[in-house]
Every structure is written in structure tokens, then in C-alpha cells.
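Participant: Numbering (our numbering), first residue to last: 14 to 336.
A single structure is presented below for examination.
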């Protein structure tokens, strides 16, 4: 771990984690998160456009070398109760620059005002809109972090149940895949995790699921049938309480014959990719995600491209001579 990452973990532990288990209601948590500094600036050279797609407000991030026919749909984290696309503009721009794809970040509705499965419906509506607008599924990649990672998987399950084509790739950062909190790392990493606590996760899960079954596959997509899912790359920190959500997801995807890779980052904080240029590991990890996405999309488009026409003239001439 780099010195900058160690310093970042220290700051996060003393600015965020120390308050997590003191929060007993959603509004208090939102005030705490709103008070936490975030980088909501769009880097120079990138454009921000707002558009409502299927009644879901969204932000588009594009750059000078963006291929408009290629889209990375990114679902932000925040435990289904906090978070906005504005918090992800820097990360979205970095992914845009490295992949050459437009990045679309929906502002899906949050619990408890809009509980499960509203977020799944919003995310699915945006994905469906992309297909309806003529974007080829081979030119689409999906990604998400934390709750947005779980939401990404739930959206894929919902879209597959409708018979819609899968995107070319899926990239997940510290995905929250099990709202029943049954993973062993929820307790074993409770002290080591620089940011999250079991209590904060219980509060968020309760606000999102309410009285419904937390093990339902669209709420806890760890338990879904993943057959036919796109190639997936998962990043997680070794000391995260959500480590088990990532490792168990990797195992279940493998059982379903999904091409999946899990990369564990020693002692890195939850969704450390958001640290941008301040932490070298964040840049390396973001670039690896982007390289995976770009490679998979280009391969899918190459496989989709029609074969060049075959010149039958020589064969026809040989046939005439044989006659």
C-alpha cells in the first residue's frame, strides 16, 4: 500500500467511519455524507450534459475522443439511500477518457422514499432506452460500485428475464450483493475496514428493503441465476466488510460459466477508485477497469461485424472451365 493510500485510510477512518454507527436515521446519514468533501468538478476537456431518459434524470460525460455509439452505463453507490451522479463526475471522466466511451450516470430514485425495487426499475428503464435508441448491446458496458454494483447485477437479471440482450462487459467495484449481510467478512473485517460498518449496512438495507424479503434475487443479486451474464471484472479491498460479497459473487459466476475475474487490493478502502489522482492505486485500478471494458467492447463489436463479401468470380471461372 502506498503512503498516500495509508494517509487516505487514516483520514477516512477518522472522518467517516467514526460516525457511521452513531447514525440512527437516514437524514442524519445524508447530512454527514453531504458534509464529506467530494470532487464534483468535471475535468478540463470533458463535457457534462443532463438528459432525462425514460423519466430518469441522467448525466452524460463525454470527451474529445469519445465514440458516441459506445456507452458505459455507470450506477453509483451509496447504499440505495445517498449519492448522486455529481459525486462521480471525476471517475466518470477518467473512465470516459480511458475507454473512449460516453459515460451515462443515472440519478435513480433513493430509499426510503422510493424503496426496493424502484431503483431496479429506474436502472432497467435507462438500459432499455439505450437499446431502443439504437445503441448496439455489443457497444454497451455496465458498471457500478457498492450498492450500484448490486444494482447493476439486479438490472442484468431483470433485463435477461425480459429477453433483452446482455451488454458486452460488466465491471464492479466493491459490490454490495447480499442485503441479508450473511457474508463472513461483515464481522471479521468490521474493525479493519477503513470506512464501512455492519451497523451502517443494516440501516441502509432496512431502508431499502423494508418489510420485503432481503434475500430476493433483485435485492440480493448474489443469489440470482447468473447464466448468460457478460464477462465481469470485480475489484474489492482485502479489509472491506463487503469482501465476502465479492468473493462469493466470483464463485457463483464461475459456477454459471461466466467469464469472471476478481482482483483484491490489499487494505484499500471501499471504492478507493474515487480517490483519483490523490492515490496511485486509484489510478491504476481505474485504468485496469477501463482496459477491461474497452477490450471486451471492441471484441464484441468485432465478433458482431459481418464478414466481408466473398469474391466468387475465381470459383465461377474455374467451374466454367471445368464444364
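Positions of the beta carbon are idealized from the N, C-alpha and C atoms, including for glycine.
Could you tell me how far apart the beta carbons of residue 162 and residue 189 are, in whole angstroms, since I believe they sit closer than 8 angstroms?
Facilitator: 6 angstroms
Participant: In the DSSP assignment, find the unbroken alpha helix (DSSP H) run with residue 172 in it and report its ends.
Facilitator: 160–174
Participant: Return helix, strand or coil for residue 87, following the three-state DSSP convention.
Facilitator: Strand, per DSSP.
Participant: Looking at the secondary structure, which residues open and close the alpha helix (DSSP H) in which residue 269 lies?
Facilitator: First-last for residue 269: undefined, no H or E at that position.
Participant: Which residues in the same chain as residue 154 place their Cβ atom closer than 6 angstroms to its Cβ, once the five residues preceding and following it in sequence are excluded?
Facilitator: 85, 180, 181, 182, 306, 310
Participant: Within 10 Å of its beta-carbon, does residue 16 have 16 or more other beta-carbons around it, so buried, or fewer, so exposed?
Facilitator: exposed
Participant: Does the distance from the CB of residue 215 to the CB of residue 194 come in under 8 angstroms?
Facilitator: yes
Participant: Is residue 114 helix, strand or coil by DSSP?
Facilitator: Here residue 114 sits in strand by DSSP.
Participant: Of the choices 169, 280, 277, 299, whose alpha-carbon is the least far from that of residue 287?
Facilitator: 299
Participant: Pull up the distance between the alpha-carbon of residue 135 and that of residue 74, whole angstroms please.
Facilitator: The C-alpha of residue 135 lies about 19 angstroms from the C-alpha of residue 74.
Participant: What are the boundary residues of the alpha helix (DSSP H) that residue 311 is part of?
Facilitator: 293–317
Participant: In the DSSP assignment, find the beta strand (DSSP E) that holds residue 66 and state where it starts and stops.
Facilitator: The continuous beta strand (DSSP E) containing residue 66 extends over residues 60–66.
Participant: For the stretch 116–158, which segments carrying the alpha helix (DSSP H) assignment without a break, of at least 4 residues, lie completely within its bounds, in sequence order?
Facilitator: 131–145
Participant: Considering only residues of the same chain and omitting the five flanking positions on each side of residue 60, which have a CB-CB separation below 7 angstroms?
Facilitator: 75
Participant: Which residue or residues does DSSP assign as beta-bridge partners of residue 70?
Facilitator: 65
Participant: Which one or two residues does DSSP pair with residue 245 in a beta bridge?
Facilitator: 183, 273
Participant: Suppose the cutoff is 6 angstroms on Cβ atoms and the five residues either side in sequence are ignored; what does the same chain contact list for residue 18 look like?
Facilitator: 292, 294
Participant: Are the Cβ atoms of residue 269 and residue 236 separated by less than 8 angstroms?
Facilitator: no
Participant: What does DSSP give as the partner residue(s) for residue 250 in the beta ladder?
Facilitator: 278
Participant: Does the distance from the CB of residue 187 to the CB of residue 159 come in under 8 angstroms?
Facilitator: Remark: C-beta atoms of residue 187 and residue 159 approach each other more closely than 8 angstroms.
Participant: Answer with buried or exposed for residue 283, where buried requires no fewer than 16 other C-beta atoms within 10 angstroms of its C-beta.
Facilitator: buried
Participant: Suppose contacts are defined by Cβ-Cβ distances below 8 angstroms. Is residue 108 in contact with residue 116 by that definition?
Facilitator: yes
Participant: Give a yes or no on whether the C-beta atoms belonging to residue 92 and residue 217 are separated by under 8 angstroms.
Facilitator: Cβ distance < 8 angstroms, so residue 92 and residue 217 count as in contact.
Participant: Whole angstroms is fine: what's the gap from residue 99's alpha carbon to residue 256's?
Facilitator: Distance between the alpha carbons of residue 99 and residue 256: 26 angstroms.
Participant: Between 63, 230, 221, which has its C-alpha nearest residue 166's C-alpha?
Facilitator: Nearest option by C-alpha distance: 230.
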